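Counted the way the working numbering counts, the sequence shown spans residues 67 to 970.
Idealized CB from N, CA, C, for every residue including glycine.
Quantities reported herein were computed from a predicted structural model and do not represent experimental measurements.
In what follows, a single structure is set out as structure tokens and then discussed.
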Amino acid sequence: MSSSPAVVAPWVRTRLRAAPGAALALALLVVVTACLAGAFPRAVERYEDAGLVHTLHQARPERTTVRVSAPLPLYGMSSDDPDTLFRPGVLKRQYEKLLGAVGGSLSVDRDQSAYGIATGTSPAVADPWIPRPSGLLAHVSLVAQSGLAGHADVRAGRLPRATGPVDTMSPEVEAAVTAATAKSLHIKVGSVIHVPGVGRGPLAVRVTGILAPREPAGAYWSTVPLLRTPSLMRLPQPGPPLTYWLGALLLPQEAAPALVGTRGEPFRYWYFAPDLGGLRAHELDRLKSAVASLESGPGLQRARTATGEESDVDTGLDDVLAAFSRLRSNISPLVAVAAAGTATVAVVVLLMAGGLAADRRRTELALLRARGASLPGLTGRLLAETAVVAVPAGAVGLGAALLLFPDARTGHAVAAALAVTLTACAALPLRAVLAHRSVQLTAPRADVTAVRPSRRRTVAELTLLALAAGAVATLRRSGTSAGQLVSLAPVLTGIIAALLLLRLYPLLLRRLARPAGRLRGAVGHLSLARAGRTQASAVLPLLALLTALTTAAFGGSVLAGVAEARDRAALLTVGADARMDAAVPLPADLAARVRALPGVHGVAAASITYDAKPLDEEDTVTLVGVDPAAYGRLAADTGLGTFPASGLKNSRTLPALASPSVARAYGTRRPFLVRLNDGSAVTVRITTVLDRTPAVPGADFLIVNRAGLPAAAARPTTLLLTGAHLDAEALRRAAPASVTVQTLAEVRSRYADSPLQTGAGHVYTAAVAAGAGFAVLALLLALLRAAPERAALLARLRTMGLTRAQGRRLLVLESLPQALLAAAGGTLTGWTAIHLLSPGIDLTTIALTTSQTPAGKATLHPDSWSLTAPAITVVVLAVGVAGVQAWWTGRRGSVRELRAGEGR
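Have a look at this one:
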């Protein structure tokens, strides 16, 4: 009878069946970590793309459109007839050629792009029925643009057309105007406007239709806003303002040759609107290079080949892209700080999970090594059983990240999720290799108080210290634009602090051991002895806690600084909880009506003259007339330039509050004359210098008692309101239409309207929260690692008479030294890191839409809540887990823990 070979159960299947809970926990950890790692680059890319599109929308088409223009060739200087060049077919063929040149490097929105003929100057028209605000003749611009029928709806009349051949001597052409132009210039269907000619009589332009633009904000109508909206122009000369109307007449393309016979100096143009939906922030360098090529490179040469050597390309798109690039460069390092901190804590947690599994299986692995298992073979088996769980979990996490943020590149997300998966797969094998390099009968003690630091550890710590010092010095000197190393500065600071505290930890325990020995009872002394038996590998949980606490303190301080900067900028802009301004005096009963609205607590009226002239000189300052009592209360409530109300008396020489610049210019000793814009004058003397004042956000102001001003200048033009939950719409309903209403909440919201800034803030908050969650998990893993040993200790001590209360006190006191060390060290490290790094960090770019705000530069400073709240949470969590463990062990009883031979 032949013997059948023994069937050996597969290693991986056996291990998964033996510990399904551990496999499920590892899979869940990898899924969450891989999802966060894969989502981070896609979230960053999405808010950067949204920020780029928002920036281009805010810049408006007159800056973002690529404009190609060519002048009219002089007769005899070109073989082409100017009349021929103006024909629609010729312009369209040139447009198609240019589209190939521009569209090859820049995504073009063909629907909003256009071409045509326009007058370079706007001739005056003498028709008497056109309004003349200051007695000056109105001016018109003649435009023959493609696609008019597809971008406008006819409100009255019909679209213009050319009834026959049109040339430079044609006596009359048809045109259309927009509804806004018709309203301002009193144009009706059938109106005739006579445009002066050159070498001929005036060109009669008959209006046949009133149009309504379908997309007024689109590039077709907004590249040259004059096409849809007339402008009230002002002559640049001193004295009373002299204004005149400027509007556009929209001709059919076939009538373009008639423009040559006018004084408008016509030119050809081709406008290419960028397709905002096709722009991506990661292509920013390519976009800037493409625009530069169009303006002064190969792209310009291709444009001139298609349209003529005199053609020129102009756009403000390069300036818009450069401004966005600067903003992104300033924000990205701040987001990278949170990402680096969270990534460090996540890696530590993955390594701790592998270390926990290796410690739980220490006896099993030691037995396998004793029975002849090779180190490579053991490593391969452990890698296989971990990979079976981690690889599918990593794929699931990556898939979740791709679903959460669908419109972004996948390369960085795949790399991040792959790094997480490889770390999870390698943690257990590497920990086992380090612990079982040689076959040992018993595991050596690795107490934190017994193990002496090796030379290699000292060299590694000194290397990290040098890196941290270099990163901090670079950040302080060059700011966040110095490179990616500065993003690791807070993390490296936390790592150095963790290594330093581990070296100090044994010294602190020895210092506490002698006083504890003199206490009554054995619980205190025993708890310190147990704390000293903490394994030297506790560097990982301490590193995780310190890194998370430092990142949380740094991130919380950044977010608090951003909120504070926005609050400050909004307050300096508005000057109160709400503000009502007008260019002319406000109605006399407006203050009473506003005071009666719900939520309004106080109203301070002010008369503001923005162009008052001290000493009758050309320099102007803002003169503010106020009621001293009400304005003094407002200044005290807002904290903007507090002053005693008695300092603004009504006298022949008015006491004045002045800004530092005005006080330096005119002195504080002698009175001086201030001329108002109506010709009247007052004499003032500066008695108090204030850095800020609620009524004026600028730096040049004089504040006097309103009762001492002439009657016309004393009438209020501004109301400053204080109150809670002010209703902006109610304020606007109470005020005339000419009054501008601003509330503190509305102004503050405008400082955070950029998706680049708000997206960076959200990602930063999410990264800090994820780091805090991983830190809590690291603390739980550290406590879980020591749980079996603690349970066995309590069981043995209870047989010796230890009560349940003493057992709880023992575990709590045992966990306190390391928890207090981590909390105090994290708080101190966070405070130190913020003070070290704050000179190189400017929060203005992430807090405000522009650096030109009344608040000035927003600096980073420690936030007490961000420093203390995470540290207190660590201590409470450690104490709570220890108390729960003691309670649970007491409920289970001590019989199972005292059984010999059972694994714990």
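Which of the three DSSP states, helix, strand or coil, is assigned to residue i?
i, result
"residue 912", "helix"
"residue 439", "coil"
"residue 897", "helix"
"residue 709", "coil"
"residue 303", "coil"
"residue 495", "helix"
"residue 163", "helix"
"residue 202", "coil"
"residue 396", "helix"
"residue 562", "helix"
"residue 311", "strand"
"residue 374", "coil"
"residue 196", "coil"
"residue 79", "helix"
"residue 647", "strand"
How would you label residue i, buried or exposed, when you count the other beta carbons within 10 angstroms and need 16 or more for buried?
i, result
"residue 716", "exposed"
"residue 741", "buried"
"residue 821", "buried"
"residue 855", "exposed"
"residue 187", "exposed"
"residue 677", "exposed"
"residue 418", "buried"
"residue 115", "buried"
"residue 906", "buried"
"residue 320", "buried"
"residue 111", "buried"
"residue 195", "exposed"
"residue 336", "buried"
"residue 952", "buried"
"residue 938", "exposed"
"residue 451", "buried"
"residue 211", "buried"
"residue 603", "Any reading at residue 603 needs caution, since the residue's pLDDT is 49, under 50, leaving its predicted position unreliable; the model's value is listed next. So residue 603 counts as buried."
"residue 348", "exposed"
"residue 520", "exposed"
Taking residue i as the reference, which of the options has the closest Cα?
i, options, result
"residue 835", "427, 617 and 385", "617"
"residue 350", "937, 452, 392 and 483", "392"
"residue 317", "418, 874, 833 and 240", "240"
"residue 197", "271, 799, 556 and 296", "296"
"residue 766", "775, 755 and 776", "755"
"residue 130", "357, 776, 367 and 82", "357"
"residue 216", "362, 690 and 278", "278"
"residue 503", "435, 461, 484 and 522", "435"
"residue 891", "764, 251 and 568", "568"
"residue 878", "894, 253 and 853", "853"
"residue 205", "254, 175 and 262", "262"
"residue 903", "153, 191, 624 and 173", "624"
"residue 193", "868, 203, 817 and 664", "203"
"residue 332", "324, 704 and 339", "324"
Write down the C-beta distance between residue i and residue j rounded to the nearest angstrom, noting that I regard them as a contact closer than 8 Å.
i, j, result
"residue 772", "residue 647", "Actually they do not touch by this definition, with Cβ atoms about 16 Å apart."
"residue 641", "residue 788", "Rounded, the Cβ-Cβ distance is 10 Å, inconsistent with contact."
"residue 133", "residue 380", "5 Å"
"residue 441", "residue 431", "Not quite, the Cβ-Cβ distance comes to about 10 Å (not below 8 Å), so this is no contact."
"residue 171", "residue 403", "At roughly 35 Å, the Cβ-Cβ gap does not stay under 8 Å, so residue 171 and residue 403 are not in contact."
"residue 246", "residue 221", "Their Cβ separation, rounded to whole angstroms, is 11 Å, which puts residue 246 and residue 221 out of contact at 8 Å."
What residue range does the beta strand (DSSP E) around residue i cover?
i, result
"residue 240", "238-244"
"residue 263", "Per DSSP, residue 263 belongs to no beta strand (DSSP E) and is neither H nor E."
"residue 679", "666-680"
"residue 332", "332-340"
"residue 772", "Unbroken run through residue 772: none, as it is neither H nor E."
"residue 724", "719-724"
"residue 181", "174-185"
Can you determine whether any heavy atom of the ligand MG sits closer than 8 Å to the C-beta of residue i, and answer yes or no?
i, result
"residue 661", "Annotation note on the ligand MG: not contained in the displayed structure, which lists no ligands."
Starting from residue i, follow the alpha helix (DSSP H) in both directions and report where the run begins and ends.
i, result
"residue 741", "Residue 741 -> not in any alpha helix (DSSP H); beta strand (DSSP E) instead, spanning 738-741."
"residue 115", "86-125"
"residue 699", "694-704"
"residue 659", "656-661"
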